[in-house]
Amino acid sequence: AQKVTQAQTEISVVEKEDVTLDCVYETRDTTYYLFWYKQPPSGELVFLIRRNSFDEQNEISGRYSWNFQKSTSSFNFTITASQVVDSAVYFCALTGGIAGNTGKLIFGQGTTLQVKP
Amino acid sequence: GAGVSQSPSNKVTEKGKDVELRCDPISGHTALYWYRQSLGQGLEFLIYFQGNSAPDKSGLPSDRFSAERTGGSVSTLTIQRTQQEDSAVYLCASSPDGAGAVTQYFGPGTRLTVL
Numbered sequence: 462a463q464k465v466t467q468a469q470t471e472i473s474v475v476e477k478e479d480v481t482l483d484c485v486y487e488t489r490d491t492t493y494y495l496f497w498y499k500q501p502p503s504g505e506l507v508f509l510i511r512r513n514s515f516d517e518q519n520e521i522s523g524r525y526s527w528n529f530q531k532s533t534s535s536f537n538f539t540i541t542a543s544q545v546v547d548s549a550v551y552f553c554a555l556t557g558g559i560a561g562n563t564g565k566l567i568f569g570q571g572t573t574l575q576v577k578p
Numbered sequence: 446g447a448g449v450s451q452s453p454s455n456k457v458t459e460k461g462k463d464v465e466l467r468c469d470p471i472s473g474h475t476a477l478y479w480y481r482q483s484l485g486q487g488l489e490f491l492i493y494f495q496g497n498s499a500p501d502k503s504g505l506p507s508d509r510f511s512a513e514r515t516g517g518s519v520s521t522l523t524i525q526r527t528q529q530e531d532s533a534v535y536l537c538a539s540s541p542d543g544a545g546a547v548t549q550y551f552g553p554g555t556r557l558t559v560l
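Top to bottom, those sequences are chains A and B. What the first sequence shows, in this note's numbering, is residues 462 to 578, in sequence order. What the second sequence shows, in this note's numbering, is residues 446 to 560, in sequence order.
Shown next as structure tokens:
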């Protein structure tokens with residue numbers, strides 16, 4: 462069975478601090494995809510990144526970076542120099558990629574990030 | 446272009462009544478998904494459509510829940526004889542194709558409250 466664990470329920474930081482959100486996953490698929498979504502107070506899930514299981518190269522996008530390590534089944538998300546606008550709930554998600562997969566997402570429980578001024 | 450839209454944004458109903466929730470996917474997206482977000486259960490998959498067919502209904506919690514999609518576009522999620530445990534935010538997502546390699550884009554959700 463597939464499972465995503467986000468052990469950090471809530472994180473509170475002061476603006477300009479760096480913060481890392483942890484994500485650990487379980488799957489028996491050899492091909493799979495990992496996602497991060499942001500859910501601001503408005504409620505809409507906003508897509509941040511997708512990675513496939515064959516590409517372990519870390520990615521940086523502005524203040525955001527992602528560290529994918531298959532050896533530890535982790536896909537962690539770091540925000541550098543956090544800002545108040547980063548306050549949101551962040552979800553890590555997983556889906557399999559083999560034939561017959563429907564693409565349904567398995568979500569972690571989410572991490573609520575509060576960035577204080 | 447326009448994103449995924451859902452209506453109504455909020456729905457308050459009485460226990461035992463039927464409700465219909467609507468989703469308009471991004472134009473051209475063949476895959477459509479319904480998810481439910483509740484405090485106790487987090488984000489859960491409900492049903493997946495590819496075109497007008499629903500090859501995966503495994504997440505529907507009971508036979509009170511049903512969904513259809515017409516014209517490969519608009520989808521309606523119907524909950525019959527609503528119960529208080531049905532209170533949640535119902536999210537719709539669409540993607541160009543129903544495969545893991547493709548990103549799903551979410552609508553703003555419908556917040557359902559069953560009194």
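By construction, the Cβ of each residue, glycine as well, lies at the ideal position given by its N, Cα and C atoms.
The beta-carbon separation of A/Leu482 and A/Asn537, rounded to 7 Å, stays under the 8 Å limit for a contact.
Per DSSP, reduced to three states, the secondary structure at B/Lys460 is coil, with no helix or strand assignment. Taking a cut-off of 8 Å for Cβ pairs, the segment 514 to 532 of chain B and the segment 463 to 483 of chain A do not touch, as fewer than three such pairs fall below it. Interface with chain A (7 Å Cβ-Cβ cutoff): B/Phe510 is excluded.
Approximately 14 Å separates the beta-carbon atoms of A/Phe568 and B/Leu484; this is outside 8 Å, ruling out the contact. Chain order gives the chain A residues near B/Ser540 as Gly564, where near means a beta carbon separation below 9 Å. From the listed residues B/Ser454, B/Gly496, B/Gln482, the smallest Cα separation to B/Pro541 is found for B/Gly496. Between the segment 526 to 534 of chain A and the segment 447 to 467 of chain B there are fewer than three inter-stretch CB-CB distances shorter than 8 Å, so the stretches are not counted as touching. By the beta-carbon neighbour count (other beta carbons within 10 angstroms, threshold 16), A/Phe515 is exposed. Among the CB atoms of chain B, none fall inside 7 Å of the CB of A/Gln467.
Inter-residue distance for B/Trp479 and A/Glu505 is about 14 Å (C-alpha atoms, whole angstroms). B/Asp501 sits in a strand when the DSSP states are folded into three classes. If you ignore the 5 residues before and after A/Val576, its C-beta comes within less than 7 Å of the C-beta of Val474, Glu476, Ser543, Gln544, Val545, Asp547, Ser548, all in its own chain and listed in chain order.
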